[in-house]
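Contents: one structure, followed by commentary.
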Amino acid sequence: MAFTYSEKVMDHFANPRNVGEIENADGIGEVGNSKCGDIMKMYLKIDGDTISDVKFKTFGCGAAIATSSMATEMIKGKTIDDALKLTNKAVMEALDGLPPVKVHCSVLAEEAVKSALSDYYERQGIDPEPIVGKIDK
Ligand code: FES
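Positions 1 to 137 (the numbering used here) are the ones given, in order, by the sequence shown.
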């Protein structure tokens, strides 16, 4: 199937931001898509209620890499509350859209952020249930 990516998608795919791991991360999330088998891992450093650093590793398609890159840019320096409001739609809009068959890749990015925040809450002894409930698996 032929489709084209926006320039922003191509840019974030070719030059992904915030790639890597964070040693001693405060929250780590890993999500996978059962249909395509792609995996996304997200690491968060949290100071107070602010996400001071975020890195990701994605074993997946170009759209998965671009959406994880954009998602990290959108939550870096933001509060936990703001990060929890991040939607796959907002990530797609920031990338000037995705072909319909690639929408699920952006869902993976939203889930990875929420999964990492859920892990952070769990480590803090806070019930992560409200976040986990938002992860549409
Ligand atoms: Fe599955 Fe992109 S094809 S995450």
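Glycine is no exception: its CB is placed at the ideal position from the N, C-alpha and C atoms.
Pairwise C-alpha distance: residue j and residue i
i       : j       : result
Glu-30  : Thr-79  : 20 Å
Ile-22  : Ser-115 : 16 Å
Met-70  : Lys-85  : 15 Å
Gly-20  : His-104 : 22 Å
Phe-59  : Cys-36  : 11 Å
Glu-111 : Ser-34  : 13 Å
Ala-109 : Phe-56  : 10 Å
Phe-3   : Asp-49  : 40 Å
Asn-15  : Ala-63  : 13 Å
Three-state secondary structure (DSSP) of residue i
i       : result
Phe-13  : helix
Ile-126 : coil
Glu-23  : coil
Thr-79  : strand
Pro-100 : helix
Tyr-120 : helix
Leu-108 : helix
Leu-95  : coil
Ser-68  : helix
Ser-34  : coil
Leu-86  : coil
Which residues DSSP lists as bridging residue i, in chain order
i      : result
Gly-29 : Met-42
Asp-53 : Lys-45
Phe-59 : Ile-39
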